[in-house]
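Everything on this sheet refers to the single structure shown next.
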Amino acid sequence: MSHCINPNCPKPTDPLNAYNRICRQCGSQLLVQGRYQVVKLLGVGGFGKTYEALEKGTPKVLKVLVESNPKAIALFQQEAAVLQRLKHPGIPRVDPWGYFTYFANNSRTPIHCLVMEKIEGQNLEEWLHDRGNIPITENQAIDWLCQLAEILHQVHAQQYFHRDLKPSNIMLRAAIVRGSRTTEQLALIDFGSARAVSTTYLAKMAIGQKGTVIASKGYAPPEQENGKTMPQSDFYALGRTFVHLLTGRHPLDFYDPHTDRLEWRVAAPHISREMADFIDYLMARLPGQRPPNTEVLLQQLEDLKRANRHRKPVPMGLSPARGRRRKSPSVAGLRKIASPLMAASAIAAIAGVGLSEVKIYRYAIDRLHEYQQAAAEQVGRLGIDGGSTLEVTPVKAAIDRPQERAIATLATTDTPEEVTEDITLSNTLTGHAQDVRSLAISPDGQLLASGSFDGTIKIWNLQTGQPIRTLTSPNPGQIVSSVAISPDGRTLVSSSNSYGGTIQIWDLATGQLLASLSPGSSGAFVVAISPDGTLLASGSEKGSIKLWDLASGSLLQTLTGHVGTVYSVAFSPDGTTLASGSEDGSIKLWQLENTPSGGLNASIWRHLSGHVGKVFSVAFSPDGKHLASGGADKTVKLWNLETGKQTGTLLSHAGIVFSVAFSPDGETLASGSFTGRINLWDVDTGQRWETPEAHSRWVETVAFSPDGHTLASGSGDRTIKIWGVR
Numbered sequence: 001m002s003h004c005i006n007p008n009c010p011k012p013t014d015p016l017n018a019y020n021r022i023c024r025q026c027g028s029q030l031l032v033q034g035r036y037q038v039v040k041l042l043g044v045g046g047f048g049k050t051y052e053a054l055e056k057g058t059p060k061v062l063k064v065l066v067e068s069n070p071k072a073i074a075l076f077q078q079e080a081a082v083l084q085r086l087k088h089p090g091i092p093r094v095d096p097w098g099y100f101t102y103f104a105n106n107s108r109t110p111i112h113c114l115v116m117e118k119i120e121g122q123n124l125e126e127w128l129h130d131r132g133n134i135p136i137t138e139n140q141a142i143d144w145l146c147q148l149a150e151i152l153h154q155v156h157a158q159q160y161f162h163r164d165l166k167p168s169n170i171m172l173r174a175a176i177v178r179g180s181r182t183t184e185q186l187a188l189i190d191f192g193s194a195r196a197v198s199t200t201y202l203a204k205m206a207i208g209q210k211g212t213v214i215a216s217k218g219y220a221p222p223e224q225e226n227g228k229t230m231p232q233s234d235f236y237a238l239g240r241t242f243v244h245l246l247t248g249r250h251p252l253d254f255y256d257p258h259t260d261r262l263e264w265r266v267a268a269p270h271i272s273r274e275m276a277d278f279i280d281y282l283m284a285r286l287p288g289q290r291p292p293n294t295e296v297l298l299q300q301l302e303d304l305k306r307a308n309r310h311r312k313p314v315p316m317g318l319s320p321a322r323g324r325r326r327k328s329p330s331v332a333g334l335r336k337i338a339s340p341l342m343a344a345s346a347i348a349a350i351a352g353v354g355l356s357e358v359k360i361y362r363y364a365i366d367r368l369h370e371y372q373q374a375a376a377e378q379v380g381r382l383g384i385d386g387g388s389t390l391e392v393t394p395v396k397a398a399i400d401r402p403q404e405r406a407i408a409t410l411a412t413t414d415t416p417e418e419v420t421e422d423i424t425l426s427n428t429l430t431g432h433a434q435d436v437r438s439l440a441i442s443p444d445g446q447l448l449a450s451g452s453f454d455g456t457i458k459i460w461n462l463q464t465g466q467p468i469r470t471l472t473s474p475n476p477g478q479i480v481s482s483v484a485i486s487p488d489g490r491t492l493v494s495s496s497n498s499y500g501g502t503i504q505i506w507d508l509a510t511g512q513l514l515a516s517l518s519p520g521s522s523g524a525f526v527v528a529i530s531p532d533g534t535l536l537a538s539g540s541e542k543g544s545i546k547l548w549d550l551a552s553g554s555l556l557q558t559l560t561g562h563v564g565t566v567y568s569v570a571f572s573p574d575g576t577t578l579a580s581g582s583e584d585g586s587i588k589l590w591q592l593e594n595t596p597s598g599g600l601n602a603s604i605w606r607h608l609s610g611h612v613g614k615v616f617s618v619a620f621s622p623d624g625k626h627l628a629s630g631g632a633d634k635t636v637k638l639w640n641l642e643t644g645k646q647t648g649t650l651l652s653h654a655g656i657v658f659s660v661a662f663s664p665d666g667e668t669l670a671s672g673s674f675t676g677r678i679n680l681w682d683v684d685t686g687q688r689w690e691t692p693e694a695h696s697r698w699v700e701t702v703a704f705s706p707d708g709h710t711l712a713s714g715s716g717d718r719t720i721k722i723w724g725v726r
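Numbering of the sequence shown is given in the UniProt record's numbering, commencing with residue 1 and proceeding in unit increments.
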């Protein structure tokens, strides 16, 4: 396929352009500069678009600037100049002719373009995510630090510094096999923020003048956030990057605002004190306290590498018994004892070092699984039998710190009483390339719609699990954050909370796109359809809720009152009330009334407060008398809507509760959490069914079939699971 890069082309992906030199839709040249065939869109950023292009069959990356303001153009030209001067396998190559301007048909506005080498592989943020955010080893960290220091040496030697070093700007090239060795080569990308170092620039910084503020939160040093950047600023970002890689968590998870310190070491018990000291040295608060230049940095890394050759690896929270063997319970007893100890270690290791609702819990669960697996392997290697055991030593922090000791103790407490019901896994559906964010089941129970961060909607046969069709937005780069099916089963609505995201209305039977609605620059995070099929509600990241006429697509009313993202909206069964849950921790109930003129009037009826932190999901009971909500405080709460009072709190989740759903008979409540488990609750008694572990990552959405005998769940592990419920 040939892709048209004219920003005003009505259909840039016209399949009939495959063998054309001129776009059928707008008349623009498809062979850019007479040499580059644009084959697909790779991504959309704040200022431009990135494409894959072929030059005589060789894949290249084509960056196209869509903003025409002078500052954006200057940064774009600067990136081209930097890359043309740098020659290193860790830096994308740009040919002398790689920067140019392109004119679309009948346009006098130049489109600025930059063609560079396409580096095959993943960036480190993607790579870390795909391996479950398991931290890298110390040896790997030293190897990668050396590679990046060499790249920075080349950049700084050309009198530039990068200014935006972070995992997403570091590519891991496809492995190169040389003889019996496999080599991993890192590459530094995105030089749009690079700055030339000159005596004039440094003099301006010295007397207090500010430069352009370009800072990635969590990685940029204090001086850069204040508009003053030095070459040593790259070293600070390098240190923060390796905090992320060595812990599997974003650096800001460890920031303590009371001490202004990054308390990250407790989350990396597998690295040596010398390695941790070196990372802290890179992240010193003042530029003068960091390495003065790349030559010193490289020498210090050589010293660290040499010392590391003679050091035994630090175990990840496990140590063999101090004695060789001693009498103990059986291996089964050992594993029963080891599991809560390891859970306590994992939770204690992250206690008190950050407030991120997501990555803290992800780390704890990942570490728990790793330790359990490691313990089982160690048992097998040592040939432990009923007369021997392995001592599992909690992370030192859990012993030394009272707060973490307390949390470790809590980790072994009993869960709420469970009752056994018949829930079985019927099918696992695969096909999405990223998180499955939202699910909807048709009223006849035959079809399942799934929306994913990969930008697609898939329609499945719920009974067989077979995919029927895949729907893709005509606006490339938009994720799908929510899906809903109308009560008559004829219409599918999807939303995107990407920048400029739209609400799209589809014919469910044919997959035809019927209409696109524009909710605003921040898109729509969630959508819901009223029980009579006439109203559409959408919630945005700016705290507003919009009510639309579903048939005409006209906007009826905008509701304000939340502060922060509206994560969930739901209509009551009689359609007279809308519930919304938000980032601000509140739930609002809106009364919907028809006006004498045939319009709609919505006003706040009740405020429900009780969650500590974000409210991610709300759902009405089938009789409309109760509301369930799930939130970042790891609880499911039940509310009496007549009184507005909280009637119960369900506490067994070990992680954030992302989704809740009532069964059609109202007797069962399903909730999906960050731990990957689905909990099923008896609504009358509050008892929890004994349910199997559902997913390897967080459960983002759950949905019951109309007969209540099937439950579908979607997850960050990119799968959909279909459960039989009896």
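Even for Gly, the Cβ is constructed at its ideal location relative to N, Cα and C.
To the nearest angstrom, how far is the alpha carbon of A703 from that of A712? Within the sequence shown, the letter at position 703 stands for residue 703. Within the sequence shown, the letter at position 712 stands for residue 712. Those two C-alpha atoms are separated by around 5 angstroms.
Roughly how many angstroms lie between the CA atoms of G708 and E667, to the nearest whole one? By one-based count along the sequence shown, residue 708 stands at place 708. By one-based count along the sequence shown, residue 667 stands at place 667. Looking at the two C-alpha atoms, the distance is approximately 10 angstroms.
Taking three-plus beta-carbon pairs below 8 angstroms as touching, is the region 70-80 in contact with the region 21-29? no
Short of 6 angstroms in beta carbon distance, which residues of its chain neighbour S442, apart from the five on each side in sequence? Order them along the chain. By one-based count along the sequence shown, residue 442 stands at place 442. Excluding residues within five positions, the ones whose Cβ falls inside 6 angstroms are I485 and G489.
Since A570 contacts V618 with CB under 8 angstroms, what's their CB separation in whole angstroms? Position 570 of the sequence shown, counted from the start, is the residue given in the question as residue 570. Position 618 of the sequence shown, counted from the start, is the residue given in the question as residue 618. Confirmed, Cβ separation roughly 5 angstroms.
Status (buried if at least 16 other CB within 10 Å, exposed otherwise) for G598: Here residue 598 refers to the residue found at position 598 of the sequence shown. With fewer than 16 Cβ atoms within 10 Å of its Cβ, G598 is classed as exposed.
Using the beta-carbon count (16 or more within 10 Å), is P231 buried or exposed? Reading the sequence shown from its first residue, position 231 is the one you call residue 231. Burial call: buried.
Local conformation of Q25 per DSSP, three classes: Counted from its first residue, the sequence shown places residue 25 at position 25. Three-state result, Q25: coil.
With DSSP as the reference, label Q71 as helix, strand or coil. Translated into positions along the sequence shown, residue 71 becomes position 71. Note that residue 71 is Lys in the sequence shown here, rather than Gln. The answer is helix: DSSP assigns K71 an H, G or I state.
Alpha carbon of L41 to alpha carbon of I457, nearest angstrom: Mapped onto the sequence shown, residue 41 falls at position 41. Mapped onto the sequence shown, residue 457 falls at position 457. Distance between the alpha carbons of L41 and I457: 18 angstroms.
Local conformation of T595 per DSSP, three classes: In the sequence shown, counting from the first residue as 1, residue 595 sits at position 595. The answer is coil: DSSP assigns T595 none of H, G, I, E or B.
Rounded to a whole number of angstroms, what is the C-alpha to C-alpha distance between K49 and A694? Mapped onto the sequence shown, residue 49 falls at position 49. Mapped onto the sequence shown, residue 694 falls at position 694. For K49 and A694, the distance between alpha carbons rounds to 38 angstroms.
Through-space distance from T675 to I722, alpha-carbon basis: Here residue 722 refers to the residue found at position 722 of the sequence shown. Here residue 675 refers to the residue found at position 675 of the sequence shown. Computed Cα separation, rounded: 18 angstroms.
Could you give the DSSP three-state label for F571: helix, strand or coil? For the purposes of this step, residue 571 is identified with residue 571 of the sequence shown, where counting begins at 1. The answer is strand: DSSP assigns F571 an E or B state.
Ordered along the chain, which non-local residues of its own chain (more than five positions away) have a Cβ less than 8 angstroms from that of R606? Within the sequence shown, the letter at position 606 stands for residue 606. These residues qualify, in order along the chain: K588, L589, L641 and G644.
With a threshold of 16 other CB atoms inside 10 Å of the CB of H250, please say whether the residue is buried or exposed. Position 250 of the sequence shown, counted from the start, is the residue given in the question as residue 250. H250 is buried by the Cβ-count criterion.
Identify whether residue 732 lies in helix, strand or coil by the three-state DSSP scheme. The shown model of the chain, from 1 to 726, leaves out residue 732, and the question about it has no answer.
DSSP state of F525 mapped onto helix, strand, coil: Here residue 525 corresponds to residue number 525 of the sequence shown, with the count starting at 1. Looking at F525 - three-state DSSP - the assignment turns out to be coil, as it is neither helix nor strand.
In angstroms, rounded to a whole number, what distance separates the CA positions of E67 and T701? For the purposes of this step, residue 67 is taken as residue 67 along the sequence shown, with counting starting at 1. For the purposes of this step, residue 701 is taken as residue 701 along the sequence shown, with counting starting at 1. In a straight line, the C-alpha of E67 is about 37 angstroms away from that of T701.
Using the Cα positions of N139 and F278, report the straight-line distance between them to the nearest angstrom. As a working mapping, residue 139 is identified with position 139 in the sequence shown. As a working mapping, residue 278 is identified with position 278 in the sequence shown. Cα to Cα, N139 sits roughly 14 angstroms from F278.
What is the residue span of the beta strand (DSSP E) that N601 lies within? In the sequence shown, the residue the question calls residue 601 occupies position 601. Note, N601: beta strand (DSSP E), L600 to S609.
Does the Cβ-Cβ distance between S582 and V566 come in under 9 angstroms? The residue you call residue 582 lines up with position 582 of the sequence shown. The residue you call residue 566 lines up with position 566 of the sequence shown. It is a contact, given that the beta carbons lie within the stated cut-off.
In this structure, how does DSSP classify P92 when only helix, strand and coil are distinguished? Locating residue 92 in the sequence shown gives position 92, where the first residue counts as 1. P92 falls in the coil class under three-state DSSP.
Rounded to whole angstroms, what is the Cα-Cα separation between G539 and Q504? Residue 539 sits at position 539 when you count from the first residue of the sequence shown. Residue 504 sits at position 504 when you count from the first residue of the sequence shown. Roughly 14 angstroms separates the two Cα atoms.
Quick one: what's got a C-beta closer than 6 angstroms to residue 730's C-beta in the same chain, skipping five residues either side? Nothing about residue 730 can be read from this structure; the chain reaches only from 1 to 726.
Three CB pairs or more closer than 8 angstroms across the region 217-232 and the region 282-291: yes
Work out the CA separation of G564 and G543 for me, nearest whole Å. Here residue 543 refers to the residue found at position 543 of the sequence shown. Here residue 564 refers to the residue found at position 564 of the sequence shown. When rounded, the distance between both Cα atoms is 5 angstroms.
Have a look at I720, T635 and R718 and flag the residue whose alpha-carbon is nearest the alpha-carbon of W681. As a first step, residue 681 must be located in the sequence shown, where it is residue number 681. Ranking the options by Cα distance to W681, first place goes to T635.
Hey, is the region 107-117 in contact with the region 146-158, meaning 3+ C-beta pairs nearer than 8 angstroms? no
Helix, strand or coil for P706? Go by DSSP, reduced to three states. Here residue 706 refers to the residue found at position 706 when the sequence shown is read from its first residue. Reduced to three states, the DSSP call for P706 is coil.
On a Cα-Cα basis, can you pick out the residue from A157, F103, I111 and S168 that is closest to E125? Numbered from its first residue, the sequence shown carries residue 125 at position 125. Considering only alpha carbons, the answer is S168.
Name the one or two DSSP bridge partners that H562 has. Residue numbering aside, residue 562 sits at position 562 when the sequence shown is read from its first letter. DSSP, once it has assigned bridges, lists no residue as partnering H562.
State the start and end residues of the unbroken alpha helix (DSSP H) segment that holds K614. Stepping through the sequence shown from its first residue, residue 614 is reached at position 614. That residue, K614, is in no alpha helix (DSSP H); it is neither H nor E in DSSP.
Buried or exposed for V660, please, with buried defined as at least 16 other CB atoms from any protein chain shown within 10 angstroms of its CB. Here residue 660 refers to the residue found at position 660 when the sequence shown is read from its first residue. Label assigned to V660: buried.
Separation of G501 from N17, as counted between CA atoms: Here residue 17 refers to the residue found at position 17 when the sequence shown is read from its first residue. Here residue 501 refers to the residue found at position 501 when the sequence shown is read from its first residue. Cα to Cα, N17 sits roughly 26 angstroms from G501.
Count the other C-beta atoms from every protein chain shown that fall within 10 angstroms of the C-beta of L627, then say buried if there are 16 or more, exposed otherwise. As a working note, residue 627 is residue 627 in the sequence shown. Buried, because 16 or more other Cβ atoms sit within 10 Å of the Cβ of L627.
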